[in-house]
Ligand SMILES: Cc1cc2nc3c(=O)[nH]c(=O)nc-3n(C[C@H](O)[C@H](O)[C@H](O)COP(=O)(O)O)c2cc1C
């Protein structure tokens with residue numbers, strides 16, 4: 017039903033600039049009643065981070081930056097949603113236009129720069145829905161003008177613990193100058209140590225808020241070695257791989273738009289983000305779960321992420337082109353693949369990581 021509505025609305029939405037179309041989409045979702053969560057086939061259920069996810073298909077950060085419509089998004093059939101990025105103080109982000117559709121490439125470039133209503137507003141919105149069913153996480157970042165970026169993450173963790181199922185430390189957005197430097201070993205060690213300490217202090221309950229780290233696809237394998245070692249040493253619960261890329265593959269057709277500054281997501285990100293996911297899996301050796309993000313636009317793409325090592329997948333850009341009907345299409349497709357291959361999601365995780373890391377898709 018909602019898929020059919022999207023097909024009708026798509027030409028009108030795509031005639032608007034991408035940010036206005038997105039604002040209208042959020043407004044439309046906010047007008048929808050919150051429905052009971054649609055049931056999923058038990059074969060799609062996954063137990064990750066000590067939590068039962070009804071299906072492995074999640075919404076990636078950046079879609080509902082201001083935490084306005086988590087329950088409506090869960091109602092579309094996602095197994096979990098990641099809200100945000102949220103930063104402590106409200107900030108406007110970069111001037112518009114700051115998001116571009118590369119239609120022929122089924123890709124998006126954005127340079128939002130973590131525009132956020134701020135932590136207090138996010139907290140209030142999350143508190144209002146607290147206790148409702150569904151797995152909801154929040155992506156957290158640092159203010160652009162912050163003099164102590166680590167303190168920003170710590171504050172977000174202190175204030176959001178208990179209100180979200182998981183918090184994702186975003187050190188991989190290309191649109192806040194210097195943010196990705198936090199992926200450097202010394203910074204990262206301090207950031208993760210203080211983040212975990214803040215979580216443990218704020219959340220004494222038995223089921224602690226899960227802390228994830230989201231990384232960029234544009235890192236060397238040496239940097240990945242260091243990130244994985246630091247994350248494991250500091251007790252991070254999982255890694256999300258990956259954020260958008262600053263690279264511009266030669267294969268992009270929309271040459272003029274490709275020259276825009278920002279992070280590229282969607283179809284052209286699928287191969288590089290899946291390779292780095294597989295490389296991460298080979299280093300993590302099943303000690304913590306991974307979430308695979310980047311260019312998921314079909315059941316086959318989600319399946320490849322799982323075979324590369326993802327216990328859960330997320331998507332954003334493909335929703336712009338294919339609409340919410342894609343969620344059910346992926347779930348139905350995964351069930352078909354599981355039946356055909358006579359396997360389970362749990363068995364498939366990381367099965368082909370070595371091949372996929374080498375680019376053998
Ligand atoms: C418009 C837009 C805004 C985004 N904002 C955030 C953000 O605030 N924090 C974050 O970690 N990732 C953000 N992302 C990255 C996505 O969460 C995801 O990692 C990336 O888009 C790759 O997935 P996709 O190819 O399915 O879009 C954003 C992506 C887009 C397209």
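Residue numbers (my numbering): 17 to 377. A virtual CB, placed ideally from N, CA and C, is assigned to each residue, including glycine. Only a predicted model underlies this, so the values are computations on that prediction, with no experimental measurement involved.
**Given 8 Å, three or more beta-carbon pairs between the stretch 75-92 and the stretch 135-149** = yes
**Prompt:** Can you tell me where the beta strand (DSSP E) with residue 276 in it begins and where it stops?
**Reply:** Residue 276 -> no beta strand (DSSP E), and no H or E assigned at all.
**Item:** Cβ contact (3+ pairs, closer than 8 Å) linking the stretch 152-159 and the stretch 98-111
**Value:** yes
**Request:** Report the three-state DSSP secondary structure of residue 76 (helix, strand or coil).
**Result:** coil
**Request:** Pull up the distance between the alpha-carbon of residue 69 and that of residue 118, whole angstroms please.
**Result:** 32 Å
**Message:** Rounding to the nearest angstrom, what Cα-Cα distance links residue 371 and residue 261 in this structure?
**Reply:** 22 Å
**Asked** Candidates 138, 108, 139 and 377: which alpha carbon is nearest residue 317's?
**Response** 377
**Item:** Boundaries of the alpha helix (DSSP H) in which residue 7 is found, first to last residue
**Value:** Only positions 17 to 377 of the chain appear in the structure, and residue 7 is not among them; the question remains open.
**Message:** Within the continuous beta strand (DSSP E) that includes residue 186, where are the two ends?
**Reply:** 182-186
**Item:** Local conformation of residue 36 per DSSP, three classes
**Value:** helix
**Prompt:** Is residue 21 buried or exposed, if buried means 16 or more other CB atoms sit within 10 Å of its CB?
**Reply:** exposed
**Member of 242, 314 and 288 whose CA lies at the smallest distance from the CA of residue 349** = 314
**Message:** Rounded to the nearest angstrom, what separates residue 60 and residue 358 at their Cα positions?
**Reply:** 14 Å
**Asked** In the structure shown, what three-state DSSP assignment does residue 258 receive?
**Response** coil
**Asked** Does the distance from the C-beta atom of residue 74 to that of residue 50 stay below 8 Å?
**Response** no
**Span of the beta strand (DSSP E), counted from its first residue to its last, around residue 115** = 115-118
**Request:** Would you check whether ligand 1 has a heavy atom nearer than 7 Å to the C-beta of residue 186?
**Result:** yes
**Message:** With DSSP as the reference, identify every bridge partner of residue 155, one or two as the case may be.
**Reply:** 100 and 184
**Asked** From residue 182 to residue 374, what distance separates their C-alpha atoms?
**Response** 31 Å
**Prompt:** residue 17: buried (16+ other C-beta within 10 angstroms of its C-beta) or exposed?
**Reply:** exposed
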